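J.:
Protein chains in written order, with our numbering: chain A, 72 to 487; chain B, -7 to 273.
#1: At the level of alpha carbons, what is the spacing between residue 310 of chain A and residue 392 of chain A?
#2: Determine, using beta-carbon pairs with one atom in the segment 238 to 256 of chain B and one in the segment 154 to 167 of chain B, whether at least three such pairs fall under 8 angstroms.
#3: Please state whether DSSP places residue 121 of chain A in a helix, a strand or coil.
#4: Using a Cβ cut-off of 7 angstroms (strictly closer), state whether residue 216 of chain B contacts chain A.
#5: Are residue 280 of chain A and residue 207 of chain A closer than 7 angstroms when you measure CB to CB?
#6: May I have the straight-line CA-CA distance separating residue 5 of chain B from residue 450 of chain A, to the nearest angstrom?
#7: Note down, in chain order, each residue of its chain lying with its Cβ closer than 8 angstroms to the Cβ of residue 239 of chain A, except the 5 sequence neighbours on either side.
#8: Would you check if the distance between the CB atom of residue 166 of chain B and the CB atom of residue 445 of chain A is smaller than 7 angstroms?
#9: Using only the alpha-carbon positions, how far apart do residue 212 of chain B and residue 233 of chain B sit?
#10: In the DSSP assignment, the alpha helix (DSSP H) including residue 23 of chain B goes from what residue to what residue?
#11: Quick check on residue 185 of chain B - is its C-beta less than 7 angstroms from some C-beta in chain A?
#12: Going by C-alpha distance, which of A/224, A/401, A/277, A/218 is nearest residue 179 of chain A?
#13: Give me the residue from B/168, B/10, B/201 with the minimum Cα distance to residue 240 of chain B.
#14: Can you give me the start and stop residues for the beta strand (DSSP E) that residue 115 of chain B sits inside?
#15: So if I threshold CB-CB distances at 9 angstroms, which residues from the segment 369 to 399 of chain A count as touching chain B?
#16: Per DSSP, what kind of secondary structure is residue 284 of chain A in: helix, strand or coil?
#17: So that I know if they touch, is there some Cβ in chain A lying closer than 7 angstroms to that of residue 195 of chain B?
#18: Please check the pair residue 123 of chain B and residue 99 of chain B, which I expect to be a contact at CB under 8 angstroms, by giving their CB distance rounded to whole angstroms.
#19: How far does the alpha helix (DSSP H) with residue 277 of chain A in it reach, from first residue to last?
#20: Between residue 403 of chain A and chain B, is there a C-beta pair that is closer than 7 angstroms?
#21: Just checking: is the beta-carbon of residue 462 of chain A within a distance shorter than 7 angstroms of some beta-carbon in chain B?
#22: Taking the straight line between their C-alpha atoms, what separation do you get for residue 302 of chain B and residue 1 of chain B?
#23: Residue range of the alpha helix (DSSP H) that residue 304 of chain A falls in?
#24: Please list the partners that residue 477 of chain A has in chain B, where partner means a Cβ-to-Cβ separation under 7 angstroms.
#25: Please report the straight-line C-alpha distance between residue 351 of chain A and residue 465 of chain A, rounded to a whole angstrom.
#26: Let me confirm a value: residue 415 of chain A is counted as buried when at least 16 other C-beta atoms fall within 10 Å, else exposed. Which label applies?
#27: Apply the 10 Å Cβ neighbour rule to residue 360 of chain A and answer buried if 16 or more other Cβ atoms are within range, or exposed otherwise.
#28: Is the closest heavy atom of the ligand ZN to the C-beta of residue 126 of chain B under 6 angstroms?
#29: Which residues in chain A have a C-beta closer than 8 angstroms to the C-beta of residue 110 of chain B? List them in chain order.
#30: What does a CB cutoff of less than 8 angstroms around residue 484 of chain A pick up in its chain, not counting 5 residues either side in sequence?
#31: When the cut-off is 7 angstroms and only beta carbons count, does residue 29 of chain B lie next to chain A?
#32: Which residues of chain A have a Cβ atom closer than 8 angstroms to the Cβ of residue 48 of chain B, listed in chain order?
#33: Counting only C-beta atoms, is residue 263 of chain B closer than 7 angstroms to chain A at any point?
#34: Going by DSSP in three states, residue 0 of chain B sits in which element: helix, strand or coil?
#35: Let me know the secondary structure DSSP gives residue 475 of chain A once reduced to three states.
#36: Considering just the uninterrupted stretch of the alpha helix (DSSP H) at residue 142 of chain B, what are its terminal residues?
Below is the structure:
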């Protein structure tokens, strides 16, 4: 077919000339229509060979009309397909989405994915790896690859443990998709069908994905609180007033961010077993001595056994996002509030009861702080060692004598 | 009862045997459930909790057995009271009866005699209770007082803290835990060995379950008691040809060995754990 030959005479040469000028100036507004392309690509049997594989070149024209790019011509993306003859050069150049989506293109180029692409990493995703090619729908369309319910699958194509990408790249985190699907966010998505739950891009962003070690990353330590606060606004407000907030505590020491207590991909519901069992360890990453000594008490000991998630954990007494030092009047363990705090589990708690030492030990390190515990322990240990020393000796000395007695009794019964 | 040519003498009454059965059942359960908490960091403790159905179940069993303990303590007091009333002695005489349960100078002499016997001396002239048996009895008495009172403080910490400072609960924890370690350690090693596992008795002395011993055994093991029984003429009255029933002997062996095995396994786990702790520190 010769489109240009038939088009020009009808309109007239002057108009035709103007049109050509317009076409050149307006980034060559296509002279080819989508129907023209579909003349060949609408044929389901159209294939080509690439690396020994048969690849379909069929495009579903009706489906394309429902995509976000329905109003675009094929040539607006496949610019090099605009040729005079029947056949365009093969293969066509990769589509440059940034030609239109220039701002997103710039961000992508700076992202971990874009940098990997620039370095020639063949696993680095192009736009279409996430957005698809001819089926791009709005993210609000349930069929879109970027619809919240579908995002974990979209990202999981590469990031699922065991994929070629995970096996060829040195990654800090493992089993992220499995952990995510077990997490409170993943369950919200997969079990409760919530599209307002956090999916990959909620935390990692879509086009600005960076490794957590990168200061610009949305999941970098310094940005985590801001990232989580996008949804957890009320919690963030409380947290910013607490002792853990950099706004309150000025220190060179590392202050905790959300993920330090809650973990990242495997984040669990705080009232559930999984979270309650790890919280002491999480706090212990910084408050080491406090956790060690907590483990010496009934609360800590019982927490290690089956069902132990129900005993008091750090946050049950100290609060969580609102933690304040004990001397602050708003602290849950301030003398003004502690009876109330203990009463959550011990309804008959009283002021004297609250002098129970929840972190005390009898160790020599705490000897000066709690001498009565230290001396009680060693008095008891002395009693124990003394008793066993005496009776242990008694028993050991008895063994040979007892054997002799038994042999004597046996010879008496069966005289030879 | 089976009639045999062997003569038997009753050593423990049905009431005494019942008390000891209560002690076994409650003590073993208290030890298993309590040690699971004390050594919660160990896999074997978690295994106990999982088999038991969680630490709250262990706690409920522990408190139930504490009640049994107070109950048998009470029964023992009744037993002592009735034996006092039957003895025609005043209270002081009864408590410090040379053949009673309170240790005396004879016991010290017998203890020294026993050490000599270990090295080839003559076997001491033991009576109705040897000094190690008296120690067992007194230790349980002392143990119940100490473990029982500290245990009550831990069971009712809110009420306890109305009477005493709250940090006394910490002290009660140490006392309860370490005294229990002493008690369990003692019963599962020293008592098991002295009474059952020593070669003369191995694997089990069933008398605490079946009640009576052959007269010959009494004569050999407790010559002073035998001579006293002969001298007072009481032996004629109490000696019998009725041996303990065969089913009772079998049951005693099976049950006794089960208990001795369970206690021994627990104490081995505890000892290995303690070694690990000592190595780490």
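Think of the CB as a built atom: it goes at the ideal place given N, C-alpha and C, for glycine as much as any other residue. These numbers were taken from a predicted model, which means no experiment stands behind them.
T.: Inspection of the coordinates gives the following:
#1: Taking the straight line joining both Cα atoms gives about 5 angstroms.
#2: No: fewer than three Cβ pairs fall under 8 angstroms.
#3: Assignment of residue 121 of chain A by DSSP, reduced to helix, strand and coil, places it in the strand class.
#4: Under the Cβ criterion of 7 angstroms, residue 216 of chain B is not counted among the residues facing chain A.
#5: Inclusion of residue 280 of chain A and residue 207 of chain A in the CB contact set at 7 angstroms is not warranted, their separation being larger than that value.
#6: Cα-Cα distance, rounded: 38 angstroms.
#7: Only residues of its own chain outside the window of five on either side were considered, and among them 194 have a CB closer than 8 angstroms to the CB of residue 239 of chain A, listed in chain order.
#8: The answer is no: Cβ separation not under 7 angstroms.
#9: Between the alpha carbons of residue 212 of chain B and residue 233 of chain B lies a distance of about 18 angstroms.
#10: Its alpha helix (DSSP H) spans residues 6 to 30.
#11: Using a Cβ-Cβ cut-off of 7 angstroms, residue 185 of chain B counts as an interface residue toward chain A, since at least one Cβ of chain A sits closer than that to its own.
#12: Out of A/224, A/401, A/277, A/218, the CA that lies nearest to the CA of residue 179 of chain A is found in A/277.
#13: The option with the nearest alpha carbon to residue 240 of chain B is B/201.
#14: It is not in any beta strand (DSSP E) - residue 115 of chain B carries neither H nor E in the DSSP assignment.
#15: If the cut-off is 9 angstroms between Cβ atoms, the segment 369 to 399 of chain A has 369, 371, 372, 373, 374, 375, 376, 377, 378, 379, 381, 382 near chain B.
#16: In the structure shown, residue 284 of chain A sits in coil (DSSP, three-state: anything other than H, G, I, E or B).
#17: With 7 angstroms as the cut-off, residue 195 of chain B does not count as an interface residue toward chain A.
#18: With a beta-carbon spacing of about 4 angstroms, residue 123 of chain B and residue 99 of chain B fall inside the 8 angstroms limit used to define contacts.
#19: Segment: none, residue 277 of chain A is in no alpha helix (DSSP H) and carries neither H nor E.
#20: Chain B places no beta carbon closer than 7 angstroms to that of residue 403 of chain A, leaving this residue out of the contacts.
#21: Closer than 7 angstroms: yes.
#22: For residue 302 of chain B there is no data in the structure shown, the boundaries of chain B being -7 and 273.
#23: First-last of the alpha helix (DSSP H) with residue 304 of chain A: 304 to 311.
#24: Near residue 477 of chain A (Cβ distances below 7 angstroms), the residues of chain B are 191, 192.
#25: Distance between the alpha carbons of residue 351 of chain A and residue 465 of chain A is about 45 angstroms.
#26: Around the beta carbon of residue 415 of chain A, a 10 Å sphere encloses fewer than 16 other beta carbons of the protein chains shown; the residue is thus reported as exposed.
#27: In this structure residue 360 of chain A is exposed. Its beta-carbon is surrounded by fewer than 16 other beta-carbon atoms within 10 angstroms.
#28: As for the ligand ZN, it is missing from this structure, which has no ligand bound.
#29: The answer, in chain order, is 468, 469, 471, 472.
#30: Same-chain partners within the cutoff: there are none.
#31: So, interface residue.
#32: Here the neighbours are 378, 381.
#33: For residue 263 of chain B, the answer is no, since every Cβ of chain A falls outside 7 angstroms of its Cβ.
#34: In the displayed model, residue 0 of chain B falls within a strand according to three-state DSSP.
#35: Three-state DSSP puts residue 475 of chain A in a helix.
#36: Here the alpha helix (DSSP H) through residue 142 of chain B covers 123 to 147.
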